[in-house]
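**Student:** First, the structure itself, so that you have it in front of you.
Numbering (the UniProt record's numbering), first residue to last: 1 to 337.
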């Protein structure tokens, strides 16, 4: 069975990732290309960039033909219409171990570890789980057309990925011979370094093309908020014990790094102020969790509508109108408007 084209949409990509068995990640659309907007979504695992494809375009940086030597999972794109899924997989397969790939992708990553790029691409094309998840987002068509060659005037769009791997910023394009290295980076500064790389690419098309799309693959905001809420509640419990006069270890928490990890305050007034602050933080976290839950539900509803085939209903509706002699008057009325 062929692989079909799917819509470039964060809700589609997020559910696609979930159907492949990956947990704890989400795709968000970006409306500005600046480091501040990207950092607000941290942690960002990678960026997905959609642009109008031009054949024969030379890479803007050196291509590493032996990706395995640099520890990069790179697969050649051997599937027509699957560049979106390919870009997503390029990021997922190079994500840190904290990202739960699930059984299908975890097994594939281990099984293909020693494969070259072409064999990795074939392994992806032969995955029934990935193909089924991808094709589940195909739009229903009234007539199944025979596969045709791309006309010269047809616009062809392509997805590629950008992400840090082992201290280097990489562009992962399945149509190239290997990953493209854009210099050294760290997990902390790569977002600042990737912005000018993408901006430069956009400027190459500035005179003839304005259709671009940029999305970020990030840690699930709902999961991050739930983890933060759990830390808030744990700190509240410790503060309440201090307020009650119980002996509590006021040292640093195990997880360091934010305002919830410092030592507990001393003195009743300071503890009361800290409890009030934590109540406010908890309320903000709960609101965020609810907002993310509503967004996830909206995405699910939209995806159900995307997947549903309305064509039989429309056909039969028009048929009934024709049988009741109401179709032609409606057509005539519409033409007269």
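Backbone N, C-alpha and C define an ideal beta-carbon position, used for all residues, glycine too.
Would the beta-carbon of residue 50 fall within 9 Å of that of residue 214?
**Tutor:** Locating residue 50 in the chain shown gives position 50, where the first residue counts as 1. Locating residue 214 in the chain shown gives position 214, where the first residue counts as 1. Yes, the Cβ-Cβ distance between residue 50 and residue 214 is below 9 Å.
**Student:** Excluding five sequence neighbours on each side, which residues of the same chain lie with their C-beta closer than 8 Å to the C-beta of residue 190?
**Tutor:** Residue mapping note: residue 190 aligns to position 190 of the chain shown, counting from 1. Same-chain partners within the cutoff: 163, 164, 169.
**Student:** Between the beta-carbon of residue 211 and the beta-carbon of residue 11, is there less than 9 Å?
**Tutor:** The count along the chain shown starts at 1 and reaches residue 211 at position 211. The count along the chain shown starts at 1 and reaches residue 11 at position 11. In this structure, residue 211 lies away from residue 11, with their beta-carbon atoms at least 9 Å apart.
**Student:** Quick check: residue 178 and residue 64, are their CB atoms within less than 9 Å of each other?
**Tutor:** The residue given as residue 178 occupies position 178 in the chain shown. The residue given as residue 64 occupies position 64 in the chain shown. In contact: residue 178 and residue 64 (Cβ atoms closer than 9 Å).
**Student:** Note down the Cα distance separating residue 124 from residue 115, rounded to an integer number of angstroms.
**Tutor:** Position 124 of the chain shown holds residue 124. Position 115 of the chain shown holds residue 115. If I take the Cα positions, the gap works out to 12 Å.
**Student:** With 16 other CB atoms within 10 Å as the buried threshold, where does residue 148 fall?
**Tutor:** By one-based count along the chain shown, residue 148 stands at place 148. Reliability of the predicted coordinates at residue 148 is poor, the pLDDT of 49 falling under 50, and the value obtained from them is presented with this limitation in mind. So residue 148 counts as exposed.
**Student:** Within 10 angstroms of the Cβ of residue 219, are there 16 or more other Cβ atoms? Answer buried if so, exposed if not.
**Tutor:** Taking the chain shown and counting its residues from 1, the one referred to as residue 219 is at position 219. By the neighbour-count rule (16 or more Cβ atoms within 10 Å), residue 219 is buried.
**Student:** Run through the DSSP bridge pairs and tell me what residue 20 is partnered with.
**Tutor:** Position 20 of the chain shown, counting from 1, holds the residue named residue 20. Bridge pairing for residue 20: absent [DSSP].
**Student:** Near residue 19, which residues of its chain fall below 6 Å by C-beta distance, leaving aside the five closest residues on each side in sequence?
**Tutor:** In the chain shown, counting from the first residue as 1, residue 19 sits at position 19. The answer, listed in chain order, is 133.
**Student:** Please name the residue or residues paired with residue 213 in a DSSP beta bridge.
**Tutor:** Numbered from its first residue, the chain shown carries residue 213 at position 213. Within the DSSP bridge table, the entry for residue 213 names 50 as partners.
**Student:** Looking only at its chain, what residues have a beta carbon closer than 7 Å to the beta carbon of residue 33, apart from the 5 residues adjacent to it on each side?
**Tutor:** Against the chain shown, residue 33 aligns to sequence position 33. Excluding positions up to five away in sequence, the list reads 195, 198, 199, 214.
**Student:** Counting along the chain, where does the alpha helix (DSSP H) carrying residue 260 start and finish?
**Tutor:** Counting from one through the chain shown, the residue named residue 260 turns up at place 260. It is not in any alpha helix (DSSP H) - residue 260 carries neither H nor E in the DSSP assignment.
**Student:** For residue 109 and residue 285, what's the separation of their Cα atoms in angstroms?
**Tutor:** Counting from one through the chain shown, the residue named residue 109 turns up at place 109. Counting from one through the chain shown, the residue named residue 285 turns up at place 285. Rounded to the nearest angstrom, the two C-alpha atoms are 35 Å apart.
**Student:** If you count every other CB in all the chains shown that lies within 10 Å of the CB of residue 217, and 16 or more means buried, which is it?
**Tutor:** Here residue 217 is taken as the residue at index 217 of the chain shown, counted from 1. By the neighbour-count rule (16 or more Cβ atoms within 10 Å), residue 217 is buried.
**Student:** Below 9 Å between beta carbons: does that hold for residue 119 and residue 112?
**Tutor:** Start at 1 with the first residue of the chain shown, and residue 119 comes out as number 119. Start at 1 with the first residue of the chain shown, and residue 112 comes out as number 112. Yes, the pair counts as a contact, with Cβ atoms nearer than the cut-off.
**Student:** How big is the Cα-Cα spacing for residue 186 and residue 84?
**Tutor:** Position 186 of the chain shown, counted from the start, is the residue given in the question as residue 186. Position 84 of the chain shown, counted from the start, is the residue given in the question as residue 84. Taking the straight line from one Cα to the other gives about 26 Å.
**Student:** For residue 204, count neighbouring Cβ atoms within 10 angstroms of its own Cβ and tell me buried if that reaches 16, exposed if not.
**Tutor:** As a working mapping, residue 204 is identified with position 204 in the chain shown. With fewer than 16 other Cβ atoms within 10 Å, it is exposed.
**Student:** Thinking C-alpha only, which one of 2, 16, 4, 5 is nearest residue 304?
**Tutor:** If you number the chain shown from 1, residue 304 lands on position 304. Distance check between residue 304 and each of 2, 16, 4, 5 places 16 closest, using alpha-carbon atoms only.
**Student:** Going by C-alpha to C-alpha distance, which of 5, 328, 322 sits closest to residue 159?
**Tutor:** Reading the chain shown from its first residue, position 159 is the one you call residue 159. When each option's Cα is compared against that of residue 159, the closest is 5.
**Student:** Residue 150 to residue 174, Cα distance in whole Å?
**Tutor:** On the chain shown, position 150 is the one that residue 150 refers to. On the chain shown, position 174 is the one that residue 174 refers to. Bear in mind that a pLDDT of 49 at residue 150, under 50, signals an unreliable position, so the number given afterwards is only what the model happens to contain. Straight-line Cα distance between these residues: approximately 19 Å.
**Student:** For the stretch 152-193, list the beta strand (DSSP E) runs that are entirely contained and at least 3 residues long, ordered along the chain.
**Tutor:** 157-165, 168-172, 180-184
**Student:** Determine the DSSP secondary structure at residue 219, reduced to helix, strand or coil.
**Tutor:** Translated into positions along the chain shown, residue 219 becomes position 219. Of the three classes helix, strand and coil, the one that applies to residue 219 here is strand, per DSSP.
**Student:** Could you check where the alpha helix (DSSP H) with residue 284 kicks off and where it finishes?
**Tutor:** For the purposes of this step, residue 284 is taken as residue 284 along the chain shown, with counting starting at 1. Where residue 284 is concerned, the enclosing alpha helix (DSSP H) stretches over 268-307.
**Student:** Distance, Cα to Cα, residue 326 vs residue 335?
**Tutor:** Translated into positions along the chain shown, residue 326 becomes position 326. Translated into positions along the chain shown, residue 335 becomes position 335. If you take the alpha carbons of residue 326 and residue 335, they lie about 15 Å apart.
**Student:** What three-state label does DSSP hand residue 26 in the structure shown?
**Tutor:** In the chain shown, counting from the first residue as 1, residue 26 sits at position 26. Here residue 26 sits in strand by DSSP.
**Student:** Taking the beta carbon of residue 257 as the centre, do at least 16 other beta carbons fall within 10 Å, making it buried, or is it exposed?
**Tutor:** As a working note, residue 257 is residue 257 in the chain shown. The predicted model places residue 257 with a pLDDT of 48, which falls under 50 and marks its position as unreliable; any figure quoted below should be read in that light. Exposed.
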